[in-house]
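If you number the sequence shown the way full-length UniProt numbering does, the last residue is 66 and the count never jumps.
Where is the CB? At the ideal position from N, CA and C, for every residue including glycine.
Taking it in order: structure first as structure tokens, then the write-up.
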Amino acid sequence: MPIPPPPPPPGPPPPPTFNQANTTPPKLSSSNAKGRGALLSDICKGAKLKKVAEVNDRSAPILDSE
């Protein structure tokens with residue numbers, strides 16, 4: 001009678017739960033913190049959008065006008 005093969009290796013460990021996750025923010029140097037603050041302020045200002053005088057709505061179906 002042949003010897004059975006060894007069992008397969010165990011699977012990977014489960015992912016960490018939220019309580020075990022690293023939730024502390026990274027420590028930034030003062031120059032990185034200033035650059036990050038400038039980026040955040042630029043994002044908060046938003047983009048200037050172009051004002052449109054007239055809307056050209058072409059979403060309606062084309063009908064034959066005969």
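Asked                                                                                                     : Found
Among 36, 17, 11, nearest to residue 26 - alpha-carbon criterion                                          : 36
Inter-residue Cα distance where the pair is residue 58 and residue 64                                     : 15 Å
Every unbroken alpha helix (DSSP H) within the region 8–57, with a cutoff of 4 residues, ordered by chain : 30–45
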